[in-house]
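The sequence shown runs -26 to -1, 1 to 272 under mature numbering (1 follows the signal peptide of the UniProt record, and there is no 0). Idealized CB from N, CA, C, for every residue including glycine. Model, not experiment: these values are computed from the prediction. As structure tokens, the structure follows; a few thoughts come after it.
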Amino acid sequence: MNRREFHKLSMVASLTSFLAGGDAFASPAAAAPPDNDGHKFSIMLWTLPKSLTFEQQLDMASAAGFNGVEVGNEYEKWTPEEWKRNLAKKQALGIEVDSAVPGRNALADHSKRNALHDDLMRAIPGAKKLGCKQFIYTAFTRVPEQTPEQQRAAIVDTLKYAADVLEKEEIEIVLEPIDLLEHKQEAVTSVAEAFEITRAVGSPRIKVLYDFYHEQRQAGNLIEKLEKNIDQIGLVHIADVPGRHQPGTGEVNYSNIYRKLAALHYDRYICMEFSPVGDPVTVLKSARLEAIAAMKVG
């Protein structure tokens, strides 16, 4: 048995155990959500087993002690009955939906602006029902004929347009750079460029998602960029490099990053966006507690 097969078997065993628990994981429903020493932690739901329902994913997040979750755009397809059940579970567990991913549009391509508008208009009603006030967008694909300067100007212009749309809705966008190892045609690949873009946009509705996994793969120098640009950061994502697993499995010194976040008085969500190696609840709980401990030292 190789390592990958072992990992799959351990995930199946963990999931079977979780599902067998049934009501045991639903029992904290009446309890208040954890205060996490004043910090806010969320889980990107795509990292949890795909076989779980939204309600089961919320149970798993609650069992691991998390305040929030991040979703894609799956809620746009929920039936009225699914909405009823999912909102009831969310309210019972006291879990917030801190971010959603409405769609993917090339922000540097002006011809896609109508598609972006349609994405936002389609996503906003459901996001409001979920209490979600933040959308995650990547710049997505480069426009081949554009110079880097033209590309950046086009993205700034598009985000200014989006900010105008979202201002009255009281929702913000966080721009997420994606490293070139993951997407070779990505238009914005480092937070250094993303910070320049959001400053040029000049709207409190447009921030940067600092994904330490992507930034380490693309450019490194994580803490200096964090320290110099904390005012532009609307969300952080956590995963180790290589492998995109939990902190401690790779090369990133997350204890130092957490201490710096605490020193900078970062008060937004810290989202775990990694594939857990081991039992998901145990791994996620451990990652959360390690972050809290590091921030106390900071």
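Where does Ile266 fall in DSSP's three states? helix
At a cut-off of 7 Å, would you count Lys64 as near the ligand SAM, judging by its Cβ distance to the nearest heavy atom? As for the ligand SAM, it is missing from this structure, which has no ligand bound.
So for Ser164, helix, strand or coil by DSSP? coil
Tell me the DSSP bridge mates of Tyr184? Val210
Tell me the residue span of the beta strand (DSSP E) that contains Ser25. It is not in any beta strand (DSSP E) - Ser25 carries neither H nor E in the DSSP assignment.
How many angstroms separate the CA atom of Arg210 from the CA atom of Ile244? One point to set straight first is that residue 210 is Val, not Arg, in the sequence displayed. Going from the Cα of Val210 to the Cα of Ile244 covers about 5 Å.
Please report the residue range of the alpha helix (DSSP H) in which Ala128 lies. 122 to 141
What is the DSSP secondary structure of Leu238, counted as helix, strand or coil? For Leu238, the secondary structure class from DSSP, reduced to helix, strand or coil, is coil.
Where DSSP assigns a beta bridge to Tyr111, which residues make up the other side? Leu149
Leaving aside the five residues before and after Glu201 along the sequence, list all residues of the same chain whose C-beta is less than 8 Å from its C-beta, in chain order. Annotation for Glu201: Lys234, Leu238 place their beta carbon closer than 8 Å to its own, counting only its chain and skipping 5 residues before and after.
The alpha helix (DSSP H) that contains Ile197, what's its start and end? 196 to 202
Please work out which residues of its chain come closer than 8 Å, Cβ to Cβ, to Ala4, disregarding the five sequence neighbours upstream and downstream, and give them in chain order. Only weak support is given to the placement of Ala4: the predicted model assigns it a pLDDT of 42, under 50, and the value that follows is read from those uncertain coordinates. Around Ala4: Ala66.
Should Pro221 go down as buried or exposed, given a rule of 16 or more other Cβ atoms within 10 Å for buried? Result: buried.
Taking the alpha carbon of Ala33 as the reference point, which residue from Ile212, Thr223, Asn47, Asn60 has its own alpha carbon closest? It should be pointed out that residue 33 corresponds to Asp in this sequence rather than to Ala. That would be Asn60, whose Cα lies nearest to the Cα of Asp33.
Which runs of the beta strand (DSSP E) spanning at least 3 residues fall entirely within the region 18 to 87, listed in chain order? 42 to 45, 70 to 74
Give the straight-line distance between the Cα atoms of Gln31 and Ser25, rounded to the nearest whole angstrom. Taking the straight line from one Cα to the other gives about 10 Å.
On the criterion of 16 or more Cβ atoms from any shown chain inside 10 Å, does Met246 qualify as buried, or is it exposed? Counting other Cβ atoms within 10 Å of its Cβ, Met246 reaches 16 or more and is therefore classed as buried.
Which word fits Asp241, buried or exposed, when buried means at least 16 other C-beta atoms lie within 10 angstroms of its C-beta? exposed
Identify which residue in Arg191, Ile207, Cys106, Ala38 has its Cα closest to the Cα of Ser73. Nearest of Arg191, Ile207, Cys106, Ala38 to Ser73, Cα basis: Cys106.
Helix, strand or coil: how does DSSP classify Ser16 here? strand
What does a CB cutoff of less than 6 Å around Ile129 pick up in its chain, not counting 5 residues either side in sequence? Leu81, Ala82, Ala113, Ile171
What are the boundary residues of the beta strand (DSSP E) that includes Cys106? Run containing Cys106: none; DSSP gives neither H nor E here.
Through-space distance from Phe40 to Ser1, alpha-carbon basis: Low confidence applies to Ser1: its pLDDT is 39, below 50, so where it sits in the model is not reliable, and the reading given next is rough at best. When rounded, the distance between both Cα atoms is 15 Å.
Can you tell me the Cβ-Cβ gap for Ala101 and Ile145, rounded? I've got them flagged as a contact below 8 Å. 7 Å
So is Leu155 buried or exposed if we call it buried at 16+ other beta carbons inside 10 Å? exposed
Assuming Phe109 and Ile147 form a contact by the criterion Cβ under 8 Å, report the distance between their Cβ atoms to the nearest whole angstrom. Contact between Phe109 and Ile147 holds, since their C-beta atoms are separated by about 5 Å, short of 8 Å.
What does DSSP give as the partner residue(s) for Ile244 in the beta ladder? Phe15, Val210
Taking the alpha-carbon of Pro54 as reference, which of Gln120, Tyr135, Lys103 has the nearest alpha-carbon? Lys103
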